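As you go down the protein sequences, you meet chains A and B in turn.
Residue 388 in this note's numbering sits at position 388 of the first sequence; the count goes up by one each step and never skips.
Converting from the second sequence to this note's numbering requires adding 1000 to each position, the first position being numbered 1.
Protein chains: 2
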Amino acid sequence: MARESVRGGRGGEREERHGEIRFIDGGTVTTPRGFSSGATYAGIKTYAEDKLDLGLLLSQRPSSVAGVFTTSAIRSPSVRLTEERVSQGKARALVVNSGVANACVGEQGYTDAQDTTAEAANRLGLRPEEVLIGSTGIIGVELPMALIRAGIRRIELSEDGGHHLARAILTTDSHPKEGAVSFQLRGKTITIGGIAKGAGMIHPNMATMLSYLTTDGEVEAAFLQRALKGAVDASFNMLSVDGDTSTNDTVLIFSSGAAEAGPIEEGSPYGDLFQDALGQLCVHLAKEIARDGEGATKLIEVTVEGAKTSSAARLAARTVVSSSLVKCAVHGADPNWGRIIAALGRSGAEVEEGKIALYVNDVCIMEDGRPIPFHKDGVVALMRGAEVSFRIRLNLGQGRATAWGCDLSEEYVTFNSAYTT
Amino acid sequence: MARESVRGGRGGEREERHGEIRFIDGGTVTTPRGFSSGATYAGIKTYAEDKLDLGLLLSQRPSSVAGVFTTSAIRSPSVRLTEERVSQGKARALVVNSGVANACVGEQGYTDAQDTTAEAANRLGLRPEEVLIGSTGIIGVELPMALIRAGIRRIELSEDGGHHLARAILTTDSHPKEGAVSFQLRGKTITIGGIAKGAGMIHPNMATMLSYLTTDGEVEAAFLQRALKGAVDASFNMLSVDGDTSTNDTVLIFSSGAAEAGPIEEGSPYGDLFQDALGQLCVHLAKEIARDGEGATKLIEVTVEGAKTSSAARLAARTVVSSSLVKCAVHGADPNWGRIIAALGRSGAEVEEGKIALYVNDVCIMEDGRPIPFHKDGVVALMRGAEVSFRIRLNLGQGRATAWGCDLSEEYVTFNSAYTT
């Protein structure tokens, strides 16, 4: 529905500049042309209010596919099977369940993942090799295959079914995360849509970070993989809710070419535009995840500029946004530069104390490595808002990176202590 | 006082086995022969209940000295000056203040550190180069030199003044951490004593980890440095309260030889015994720090066995003990193996899921990478105690390491949020 109205609206805006990237209100993974989706309650997820727990995503055409997976040494067989299939560069569909992560279950997990994709392939008229799988939820418990088989047969797909899929992948999230962006290419509209679910892990429901993306642009698999990796590195990989990494973290993108706008090639202006749009969508979804961290009341954005290298900037930004002490200070609206300096110092990034400048929501509170007088009440008031940003200038080089996270609240501890296995 | 009574007691125990290491009740940094200490309230520390904030430690003889310092790129000039002097291998005294960390104050900090040691040297009849300095407390504020000068002149030293020094170095700690061990060498008693203060950082009083150790054994500087490094790596460096590292972290040891038992040489059985005793004392002090972490209600001990290498074991143990989710689970007495597995998986240590075994306070709850049935109520009851231990067997090699930390409580967040800069 969102798709129709937005496209209709855009049809009348012929003055739109080439290269402009637009966010689409109400956009989701089925906003790009040629994708359908649906979900059902199979009975796997027993603890959440939103009972959808099994979904399908289908590309009506053969699609290129790319994926980025958890770096954990302990991985779900669902991740293993999907990674194998993504390496072929082609896929048509995805089956995803929440409630059970299919992790720490031995080799049965791989068999169950295969069987689940075979059932989905049967339902969709595809070969099993064309179907990818994602799982999130309890670990140490096998997938309930009878429920999954029955559930898959019940799912109805539709062209705005992405909203249902966005709900079906949730575990401890308080709401679905969705988005879509578009840009013009050779007179056609290229759309990229996506959904995500959040970080913050509660065993046995281990809140894996999942994101599924689609585009009706035509992007061949090798470029799609590099574009996705670049976008993930600058978004989901710069995200920290509680510093944990799950056995199931996965980001996938399908490229169907259904916009019929011709190939989008690496190194061309259109390739750059696609990469930029994909990056913006991933940052949007990553920020939504941070904002919805367990117990979170604020989004924290940390930008490090002037680092010696961009990897040093990434390291410094991630270290600051992950610091429990910084997170507590933000929770208390305390412009606590000492904790930021301490995190920078231990980050491993090169820093020179005498060159550091620090801004809280654009107010400078430190220069040349020393605190400067600032209007304390004003900065505290700024920090009481829903978004707190720290900008750190290291004045050593050109490296720049931004990381996102959330504050650490008493509720986080209560939530994660009170749960009983 | 402790020294006299214990030594008296031991005098009657001639049957004591060679090589036995004994903990001394009430032992502290002045328990070894030849050390005196004292402290005063100089007026630097305005926020703590225990007002001692400036202390001196003196070795009555020339001593070997060794030190291990913060790895942070942002360091206090007090650390810089001390490290320079320790590199000479000889020192006689230490001046230490709490309340102000002498960090993030530009070059004035180095001048103030020099002046403080000169004042202490003057008071003690030494050369400034023989005096080391430690500082902990607020950062971004210069040392109040007039108060420090007046304070140093007021300090009275005594042979059981270590208890005062232990109080004078505290910031947010709830109580002093002290200890001493002894062993027999060539018919004499060798004693090693120490004090420490804790981790958990509250800016602007940044709770640096400090530990000061003394021994009346005769150990030359190069071996002393290697022995200290080894002991710190297996104790303070395996300690995590909130994952932070301060600008001022320092461990120092003075070796006076006042026991007159002859040299303790590296590679000899006595050298090994000294290293073992020093290690045990450092582990004792590190555990005391963990137990007293901000908001902590429990000590957590994580032992990883059977890792491919000992560095992999260290990495795995530290990652598990530092995990916010594991810390919350311990707070709630939840035998939450999924969070431990997740931490292991992301630690960077080599693990094979199918080989992992996990014990909670010696009860096996996971074998071959899969949870096994266990008496849940019994394990929860064990975890309600003041100490929770996790033993993880990776079954890949011989690497072994233990790490210590504490649970994460609502009080930690309240404490660290409520504080206003």
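For glycine and all other residues, C-beta sits at the position ideal for the given N, C-alpha and C.
Here the structure is a predicted model, which is why all the values come from computation and not from measurement.
query, result
"Which listed residue (A1066/B, E1410/B, L1396/B and R1400/B) has its alpha carbon closest to that of K964/B", "Within the shown structure, residues of chain B are numbered from 1001 to 1421, placing residue 964/B beyond reach of any answer."
"C1364/B (DSSP reduced to helix, strand or coil)", "strand"
"Exposed unless 16 or more other CB atoms sit within 10 angstroms - verdict on I152/A", "buried"
"Cβ shell of E1350/B (< 7 angstroms), same chain only, five flanking positions each side left out", "K1308, A1312 and L1396"
"Collapsed DSSP secondary structure at S347/A in the structure displayed", "coil"
"Contact set between G1099/B and chain A, taken where Cβ atoms lie within less than 8 angstroms", "Here the premise fails: no neighbours, minimum Cβ distance about 14 angstroms."
"Cβ neighbours of I1192/B in the same chain (closer than 6 angstroms, five flanking residues each side left out)", "V1181, T1215, A1277, L1278 and L1281"
"Reduced DSSP category for E301/A - H, G, I as helix; E, B as strand; rest coil", "strand"
"Beta carbon of A1234/B nearer than 8 angstroms to that of V1304/B", "no"
"Distance between A401/A and S347/A (C-alpha atoms, nearest Å)", "14 angstroms"
"Beta carbon of G1137/B nearer than 8 angstroms to that of T1171/B", "yes"
"Cβ pair count under 8 angstroms reaching 3, the region 325–338 of chain A against the region 370–385 of chain A", "yes"
"Chain B contact for R314/A (CB, 8 angstroms cutoff)", "no"
"Unbroken stretches of the beta strand (DSSP E), 3 residues or longer, contained in the region 60–139 of chain A", "90–100 and 131–138"
"For I133/A and H375/A, the rounded distance between their alpha carbons", "53 angstroms"
"Local Cβ density within 10 Å of A42/A, reported as buried at 16 or more and exposed below that", "buried"
"Enclosing alpha helix (DSSP H) for Q1398/B [first to last residue]", "First-last for Q1398/B: undefined, no H or E at that position."
"Beta-bridge pairing of K1188/B - partner residues as DSSP gives them", "L1185/B"
"Candidates I340/A, F274/A, F69/A and D160/A, of which the one nearest T319/A by Cα", "I340/A"
"Beta-carbon proximity check, I148/A vs L56/A, cutoff 8 angstroms", "no"
"Test: L1057/B CB closer than 8 angstroms to a CB of chain A", "no"
"Any chain A beta carbon closer than 8 angstroms to N1435/B", "A question about residue 1435/B goes unanswered here, because the residues of chain B that appear run from 1001 up to 1421."
"Cutoff 8 angstroms; reference G1109/B; Cβ partners in own chain excluding five residues on either side", "S1076, P1077, S1078, N1102, A1103, E1142 and L1143"
"Where the alpha helix (DSSP H) through G162/A begins and ends", "G162 to A168"
"Under the three-state DSSP convention, the category P1269/B falls into", "helix"
"Residues of its chain near P1176/B, where Cβ-Cβ distance is below 6 angstroms and the 5 sequence neighbours each way are ignored", "A1166 and R1167"
"Beta strand (DSSP E) segment containing V1251/B, residue limits", "T1250 to S1255"
"Cross-chain neighbours of A73/A in chain B, by beta carbon under 9 angstroms", "L1344, G1345, R1346, S1347, G1348, A1349, E1350, V1351, E1352 and E1353"
"Residue interval of the beta strand (DSSP E) (run including L210/A)", "L210 to T215"
"Buried versus exposed, by CB contacts within 10 Å (16 or more), R186/A", "exposed"
"Chain B contacts from the region 385–416 of chain A (Cβ-Cβ distance under 7 angstroms)", "L408, S409, E410, V413, T414 and N416"
"Against chain A: residues of the region 1130–1151 of chain B by CB proximity under 7 angstroms", "I1139 and G1140"
"The beta strand (DSSP E) enclosing F1223/B, as first and last residue numbers", "Element bounds for F1223/B: not the beta strand (DSSP E) but the alpha helix (DSSP H), A1221 to D1233."
"Assigned secondary structure, V330/A (DSSP; H/G/I helix, E/B strand, else coil)", "helix"
"Residue range of the alpha helix (DSSP H) that includes A1259/B", "A1259/B -> no alpha helix (DSSP H), and no H or E assigned at all."
"Member of A1150/B, N1097/B, R1127/B and R1393/B whose CA lies at the smallest distance from the CA of G1306/B", "R1393/B"
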